[in-house]
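A short write-up of the structure that comes next.
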Amino acid sequence: MEFLQHVRQGRWTTATGYALFVALMVAGYYYNITFVQLGLIDLGTRLVGMSETAVSMWMAALALVTLAVAAVTGVTMDRRGWSTDLRTKLRLLFGVVCVQFVLTLVAPMIRTVPAFGAWIVLASVGLGVGFPVSFSLAIDLVPVPDRGYVAAAITAIAYFLANAIPLSWSVDVFSQLMVAAMAPGVLVLAVLSFVRVDRLDTILDALGAQYEMYGTGRFCHGSAVRTRSLAFVVPVVLMFGVFFIDSLGFLRIIDTPSLLLSSWQSPALSTRLLIAVAHVVGAVMAGVIYTNYSLSRVFLWTFALFALTHVVYTSDLRFAEVFPALAGDGTSVLNPALYAIAVSFYTTLNFALWPDLSTPETIGTHSAIGIGVAGWLATFSSTALALYFQAVDLTLLSHLNVVQALSLLLLFGLAVGLYVRRMVELARESGGASA
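Once you know that position 108 of the sequence shown is 108 in the working numbering, the rest is easy, because the numbers rise by one and skip nothing.
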């Protein structure tokens, strides 16, 4: 890895860029998978007293407003040249973190629906500005050959912390933790954004000029990937599918006490550590595969593992339905461990993909659309659908059957698409040879 070479050669400026990017992305992703995805459900249902259907509608609104704000932010960044201005991006992130800090602090105090709705709208604005800005930092701080490994590090650290640290999934607990973690982050971003010291200016100037070397993504060296081209649209659709299906299944699993207490909220530390380590293993595997193979193969392997995981994970449930006398409580710990590997696979892909489909002129727009659609819109739309399924009393197995069918359909569709593309390529080669 270039990172280790820079450290050995004393290039601490570049090593600092790696550390800064990983720290920012880990913090942001941990916040999203804990406080936003889990904490807001608890806030809406337990503290505000809304029905699950009402909360699902607000979660869908969160996704849509976040996507709209992100699209505007990303396009504005590219048109005004902010995508290549490191100091401007740091100042934008400072503003976002300040807003999220205040919102996180006051969230447990909310007790009315109008206040909850106002919180959702304000949070959507902060999130919509935040993620295209943070993802665009990759062109300043991370060399193209190392993006798979850096994405793996972000995924491994975030998921290890989320699973190894025992926390109650309540908005009060998440708020206290995130406020304590965000306070020093606010100070660091304030220093980076506004303090003018010669040594710091030298480092930021050096990092800010690196987009000229690192700005063109891995999949743009032949020709730039356009926003409306299939080379960009197809990955967006595929990533939307995998995030949507995974979230749709996961939210029902964690709402089932017998499954939750034998996995992510197990009283046994060994179980949670096994899942945390599985996340790390999956992230490392994904980073290596992403770096060394073509994008089509990475997608195929990711979705194959993803589909297999969903089929295997529910094997205990299906066995219990057929042989209830032989089935035990909960599920095998190997099932959530395999699930964790699959989740780390596509999460790593998601972190590395969008900068590698971009140039300095398109990183803001592509990050906004990619993460906005594949990450936020997919995750929170599926959250809304999962809550709706639960509200209409859809059984656990019926719910997961829908997830299994969708995951297998996604894998089959990808395989057919790759086969058709290959046949078209061979036909064109044959036609060219004949001519």
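Glycine is no exception: its CB is placed at the ideal position from the N, C-alpha and C atoms.
Computed from a predicted model, the values in this text were never measured in an experiment.
Just tell me which of PRO336, ASN292, LEU189 has its CA closest to the CA of LEU308.
PRO336
For GLY28 and ARG87, the rounded distance between their alpha carbons
19 Å
Whole beta strand (DSSP E) elements within the region 12-87, 3-residue minimum
none
Kindly indicate which three-state DSSP category PRO257 falls into: helix, strand or coil?
helix
So what's ASP205 in DSSP terms, helix, strand or just coil?
helix
LEU177 and ALA123: beta carbons closer than 8 Å?
no
Range covered by the alpha helix (DSSP H) that runs through THR212:
The sequence shown places Glu at residue 212, not Thr. Element bounds for GLU212: 211-214.
For THR309, which of helix, strand or coil comes out of DSSP?
helix
Helix, strand or coil at SER170 according to DSSP, with G and I counted as helix:
coil
Integer-rounded CB distance, given that LEU410 should sit under 8 Å from GLY222
About 27 Å separates the two Cβ atoms, so there is no contact after all.
Alpha carbon to alpha carbon, how far is LEU207 from PRO132?
18 Å
From what residue to what residue does the alpha helix (DSSP H) around MET285 run?
269-292
From ASP140 to GLY81, what does the alpha carbon distance come to, in whole angstroms?
14 Å
Look at the alpha carbon of MET59 and the alpha carbon of GLY413, and state the distance between them as a whole number of angstroms.
29 Å
Would you call the region 218-233 and the region 348-365 in contact, with 3 or more CB pairs under 8 Å?
yes
Taking 8 Å as the cut-off, decide whether the C-beta atoms of SER134 and SER83 are in contact.
no
Where LEU274 and ALA283 are concerned, what is the direct C-alpha to C-alpha distance, given to the nearest angstrom?
14 Å
Whole angstroms is fine: what's the gap from THR202's alpha carbon to THR14's?
12 Å
Skipping 5 residues on each side, what residues in its chain have a beta carbon closer than 6 Å to that of THR347?
THR155
Find the nearest neighbour of TYR293 within the set LEU353, VAL237, GLN404, LEU259, judged by alpha-carbon distance.
LEU353
With GLY437 and PHE243 assumed to form a contact (beta carbons below 8 Å), what rounded beta-carbon distance in angstroms separates them?
A question about residue 437 goes unanswered here, because the residues of the chain that appear run from 1 up to 435.
Quick check on LEU137: does DSSP put it in helix, strand or coil?
coil
Taking the straight line between their C-alpha atoms, what separation do you get for PRO108 and PRO114?
15 Å
Local Cβ density within 10 Å of GLY185, reported as buried at 16 or more and exposed below that
buried
Meets three-Cβ-pair contact criterion under 8 Å: the region 397-409 and the region 73-80
no
Assigned secondary structure, ARG8 (DSSP; H/G/I helix, E/B strand, else coil)
Since pLDDT at ARG8 reaches only 49, below the 50 mark, its modelled position is unreliable, and the value read off the structure follows with that caveat. DSSP places ARG8 in helix when its eight states are reduced to three.
Kindly indicate which residue of ARG111, ALA71, PRO166 has the alpha-carbon position closest to the one of THR45.
ARG111
ARG147, DSSP secondary structure in three states
helix
Suppose contacts are defined by Cβ-Cβ distances below 8 Å. Is PHE101 in contact with MET182 by that definition?
yes
Is TRP264 helix, strand or coil by DSSP?
coil
Between THR73 and THR227, how many whole angstroms is the CB-CB distance? I'm expecting something under 8 Å.
Not quite, the Cβ-Cβ distance comes to about 15 Å (not below 8 Å), so this is no contact.
Residue burial classification, LEU387 (beta-carbon count within 10 angstroms, cutoff 16)
buried
As a quick exercise: from MET423, LEU43, LYS89, LEU103, pick the residue whose alpha carbon is nearest that of ASP172.
LEU43
Return helix, strand or coil for VAL242, following the three-state DSSP convention.
helix
Report the option in VAL402, ILE363, ALA320, LEU397 whose CA atom is closest to the CA atom of PHE232.
ILE363
Cβ-Cβ separation, TRP169 to LEU38 (assumed contact under 8 Å), whole Å
5 Å
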